[in-house]
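Visitor: Chains as they are written, first to last, in my numbering: chain A, 32 to 312; chain B, 43 to 325.
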Amino acid sequence: MTDLTVRARGLRKRYDDVVAINGLDLDIVQGEVFALLGPNGAGKSTTVEIFEGYRKRDAGEVRVLGTDPAVADRAWRARIGIVPQSSRDSAESTVREIVRHFAGFYPNPHDPEEVIEQTGLLEKADTRLHALSGGQRRRVDVALGIVGRPDLVFLDEPTTGFDPEARRQFWTLVRGLSRDGTTIMLTTHYLEEAEALADRVGVIARGQLRAVAPPASLGGRDRATARVTWTGPDGPRSVETRTPTQTVAEISALFGGEIPGLTVSRPTLEDIYLTMIRDAQ
Amino acid sequence: MRTTAGSGERVTAVSPARLPGTTRTGLSRARLELRVFFREMDAVIFTFAMPVMLLVIFGAIFNGSVANTGVSYRQYFIAGIIASGVMSTTFNTLGATVAIERDDGTLKRLAGTPMPPAAYFVGKILFALVLSVLETVIMLAIGVGLYGLRLPADPGRWVTLAWVFLLSAGTCTLLGIAVSSIPRSARSAAGVVSLPYLALQFISGVYFPFTSLPRVIQQIAALFPLKWMCQGLRSVFLPDALLPAEPAHSWEHPMTALILAAWGVAGLLLCLKTFRWTSRLGG
Chain A
32 MTDLTVRARG LRKRYDDVVA INGLDLDIVQ GEVFALLGPN GAGKSTTVEI
82 FEGYRKRDAG EVRVLGTDPA VADRAWRARI GIVPQSSRDS AESTVREIVR
132 HFAGFYPNPH DPEEVIEQTG LLEKADTRLH ALSGGQRRRV DVALGIVGRP
182 DLVFLDEPTT GFDPEARRQF WTLVRGLSRD GTTIMLTTHY LEEAEALADR
232 VGVIARGQLR AVAPPASLGG RDRATARVTW TGPDGPRSVE TRTPTQTVAE
282 ISALFGGEIP GLTVSRPTLE DIYLTMIRDA Q
Chain B
43 MRTTAGSGER VTAVSPARLP GTTRTGLSRA RLELRVFFRE MDAVIFTFAM
93 PVMLLVIFGA IFNGSVANTG VSYRQYFIAG IIASGVMSTT FNTLGATVAI
143 ERDDGTLKRL AGTPMPPAAY FVGKILFALV LSVLETVIML AIGVGLYGLR
193 LPADPGRWVT LAWVFLLSAG TCTLLGIAVS SIPRSARSAA GVVSLPYLAL
243 QFISGVYFPF TSLPRVIQQI AALFPLKWMC QGLRSVFLPD ALLPAEPAHS
293 WEHPMTALIL AAWGVAGLLL CLKTFRWTSR LGG
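#1: Using three-state DSSP, classify R231/A as helix, strand or coil.
#2: With 8 Å as the C-beta to C-beta threshold (strictly closer), list the residues of the region 148–169 of chain B near chain A in chain order.
#3: State the DSSP-derived secondary structure class of Y118/B, mapped to helix, strand or coil.
#4: Name the two residues that bound the continuous beta strand (DSSP E) containing F100/B.
#5: Following the continuous beta strand (DSSP E) through E271/A, name the residue where it begins and the one where it ends.
#6: For V139/A, which residues from the same chain have a beta carbon less than 6 Å from its beta carbon, with the 5 sequence-adjacent residues on both sides left out?
#7: From what residue to what residue does the beta strand (DSSP E) around S296/A run?
#8: What does V78/B touch in chain A if you count any residue whose Cβ is under 7 Å from its own?
#9: Compare the Cα-Cα distances from E289/A to each of A66/A, A311/A, A280/A and report the closest residue.
#10: At the level of alpha carbons, what is the spacing between H291/B and S254/B?
#11: Can you check the region 45–127 of chain A for any alpha helix (DSSP H) of at least 4 residues that lies completely inside it and give the ranges in chain order?
#12: For the region 102–122 of chain B against the region 258–265 of chain B, do three or more pairs of beta-carbon atoms, one drawn from each stretch, fall closer than 8 Å, so that the two count as touching?
#13: Where does A264/B sit, in a helix, a strand or coil, going by DSSP?
#14: Over what stretch of residues does the alpha helix (DSSP H) that includes M216/A continue unbroken?
#15: Does the CB of R119/A have a neighbour CB from chain B at under 8 Å?
#16: Mind checking if E92/A is an interface residue toward chain B, Cβ cutoff 8 Å exclusive?
#17: Hey, how far is the Cα of F169/B from the Cα of A72/B?
#18: Between which two residues does the alpha helix (DSSP H) carrying G263/A extend?
#19: According to DSSP, simplified to helix, strand and coil, what is G41/A?
#20: Could you please give the first and the last residue of the uninterrupted alpha helix (DSSP H) stretch that includes F185/A?
#21: Whole angstroms is fine: what's the gap from V146/A's alpha carbon to S118/A's?
#22: Could you check whether the Cβ of D146/B sits closer than 8 Å to any Cβ belonging to chain A?
#23: Among the candidates Q239/A, D182/A, I59/A, A255/A, whose CA atom is the shortest distance from the CA of R43/A?
#24: Taking Cβ-Cβ distances shorter than 7 Å, what residues in chain B pair up with Y137/A?
#25: Identify, in the order they occur along the chain, each residue of the same chain with its Cβ nearer than 8 Å to the Cβ of T64/B, setting aside the five sequence neighbours on each side.
#26: Contact between the region 194–201 of chain A and the region 82–92 of chain A: three or more CB pairs below 8 Å?
#27: Buried or exposed: which applies to A130/B, given that a residue is buried once 16 or more other Cβ atoms fall within 10 Å of its Cβ?
#28: For a test of the three-state rule: what should DSSP assign to A283/B, helix, strand or coil?
#29: Since R60/B meets chain A, which of its residues come closer than 8 Å, beta carbon to beta carbon?
#30: In the DSSP assignment, the alpha helix (DSSP H) including A109/B goes from what residue to what residue?
#31: Taking 8 Å as the threshold (C-beta atoms), are L314/B and L209/B in contact?
#32: Determine the contact status of I52/A and G112/A, defining contact as a CB-CB distance below 8 Å.
#33: Assuming F250/B contacts L191/B under a Cβ cut-off of 8 Å, what Cβ separation, rounded to an integer in Å, is found between them?
#34: What's the gap between the Cα of A66/A and the Cα of A85/B?
#35: Determine the direct distance from the alpha carbon of G101/B to that of G165/A, and round the result to whole angstroms.
#36: According to DSSP, is L300/A helix, strand or coil?
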């Protein structure tokens, strides 16, 4: 099982009276982008912080890059990159200073200048962090997370508060990392983000993983009935069908070609996700 | 370095020997901290102007000499204000900045990297030492320039200065890092650290001859480092003619070393026991 970058079995964590994680099993395969989806308080951040070595688990087995993060050493730390949920630190340092400084912690870092360029910060390299926009600040977090040439990067809710354009740019950056062979574990509560980036999505609710699948087939989404709608002579029409292709062919034959107002839709990832979350309550 | 279970599974194991060491990363931390500190001019001015202002104000108010010793008040409290300045640049500065760095995520981010944890402390200690030396040099320059302070000619006194200074700065640095765990947030940090600082300043013989304080206060002050830091520095810069006005009629070097070292060890143990890389409120 050497190609498993993360492996967790029966993971448990409680804070006082609150059970945060209640027997979670999870595998992340080397090279994939894995998105952990879940509502606030579902256990996303606790899970990620246990994998990052920040928190101790109460029970269960965890291996990240083959090592138990609770007892991991500096050599292990050199192989992971952490992009925290939000950051306000190092406000008076410039982008270039801080990226160079962090590069100095690693045995085989990327060239800081290349990382600054790759994260789109070249024009801001001599700007102090407090003067950056939220999106630029997040890029610095990513730069610090990847400058050590990690095998595995954790991105904890990376685009919260981004405008749509900044989010798209960020996705491009993450895809680039993934293309370079970095394994990425992402938490998010944006479904379109999971759909855009992830090879596989895990839905977490009430401290357990409810489902794991590629976004397109999560919760049997690809096999669910499709809804075909069109505009008939008497107004809008729609049918639910397991064979949408055949249905469309039949309607097309009735119209003798183009069908006015045709749409074919399956449940969105959001529909599936909300159903799962509701069922978990 | 600990060998972790499952290390045999590693595909591209990095040998610990290739990780940058504590000295290199510690120096890199100190450089960054100093560069950033001197960039924030308001903090720089506040740190260095405070003791200068006190020295000038007290120098203008007080004249004359300490209890028939022929030693001028002005020279007496130069030693005290240097000691108090060292405490301020170490204990106060670190107590507040470490609390802020815990609150704003600096510590958590560093803990997530392969930086040796000791490098953070090396950086802080060097940072505080550089500030303390600068502070001391400025105060001595004012003392010599304005108040007729004569720097010691005896090499023995310079040796005393070296160990009193290093022990004072080292102890206050460790205590500052230890006290940083008390504030619940960055907002309360400055207030939390200034309380012991202010109290000790007034009972330790910084602004007034120590032996003019009530006996009980002297005994309380003798339990804490600042009194000994002041006394140690007086033993460097002031003539032995002052000895009749010292509490034991001697400089008490062994006791000074003992008390400062004891506080240093206590500070170190507190740091090791209470230091947290993450803030207790969330995160």
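Glycine is no exception: its CB is placed at the ideal position from the N, C-alpha and C atoms. Small disclaimer: the values here were computed from a predicted structure and weren't measured.
Guide: Walking through what the data contain:
#1: Residue state, collapsed to three classes: strand.
#2: Correct list: T148, K150, R151, A153, G154, T155, P156, M157, P158.
#3: In this structure, Y118/B counts as helix in the three-state DSSP scheme.
#4: Careful: F100/B lies outside any beta strand (DSSP E), inside the alpha helix (DSSP H) at 83–103.
#5: E271/A -> beta strand (DSSP E) spans 266–272.
#6: It should be pointed out that residue 139/A corresponds to Asn in this sequence rather than to Val. Only residues of its own chain outside the window of five on either side were considered, and among them R180 have a CB closer than 6 Å to the CB of N139/A, listed in chain order.
#7: 294–296 is the span of the beta strand (DSSP E), which, as asked, contains S296/A.
#8: Ordered by position in chain A, the residues that pass the 7 Å Cβ test against V78/B are E123, S124.
#9: By alpha-carbon distance to E289/A, the top candidate from A66/A, A311/A, A280/A is A280/A.
#10: Approximately 14 Å, taken between the alpha carbons.
#11: Fully enclosed alpha helix (DSSP H) runs of 4 or longer: 75–83, 105–108.
#12: In this structure the region 102–122 of chain B does not lie against the region 258–265 of chain B, because fewer than three pairs of beta carbons, one per stretch, are closer than 8 Å.
#13: In this structure, DSSP gives A264/B a state outside helix and strand, which the three-state scheme calls coil.
#14: Unbroken run through M216/A is the beta strand (DSSP E), 214–219; no alpha helix (DSSP H).
#15: Closer than 8 Å: yes.
#16: With 8 Å as the cut-off, E92/A does not count as an interface residue toward chain B.
#17: Taking the straight line joining both Cα atoms gives about 5 Å.
#18: Looking at the DSSP string, G263/A is not in any alpha helix (DSSP H); the run it does join, the beta strand (DSSP E), is 257–263.
#19: Here G41/A sits in strand by DSSP.
#20: Premise fails: F185/A lies in the beta strand (DSSP E), 183–187, not in any alpha helix (DSSP H).
#21: Looking at the backbone, the Cα of V146/A and that of S118/A are separated by about 19 Å.
#22: Interface annotation, D146/B: in contact with chain A, CB-CB separation under 8 Å.
#23: Closest option to R43/A, Cα to Cα, is Q239/A.
#24: Within 7 Å Cβ-Cβ: P156.
#25: A distance below 8 Å between beta-carbons, with the five flanking residues on each side excluded, links T64/B to the following residues of its chain, in chain order: P158, A160, A161, V164.
#26: Touching, no.
#27: It is worth fixing the name first, because residue 130/B is Ser in this sequence and not Ala. Per the 10 Å Cβ criterion, buried.
#28: Here A283/B sits in helix by DSSP.
#29: Neighbours of R60/B on chain A, chain order: P138, N139.
#30: Element bounds for A109/B: n/a, residue is neither H nor E.
#31: Against a cut-off of 8 Å, the Cβ pair of L314/B and L209/B comes out as no contact.
#32: Not a contact, by the Cβ cut-off of 8 Å.
#33: Actually they do not touch by this definition, with Cβ atoms about 18 Å apart.
#34: If I take the Cα positions, the gap works out to 43 Å.
#35: Distance between the alpha carbons of G165/A and G101/B: 50 Å.
#36: Here DSSP, grouped into helix, strand and coil, assigns L300/A to helix.
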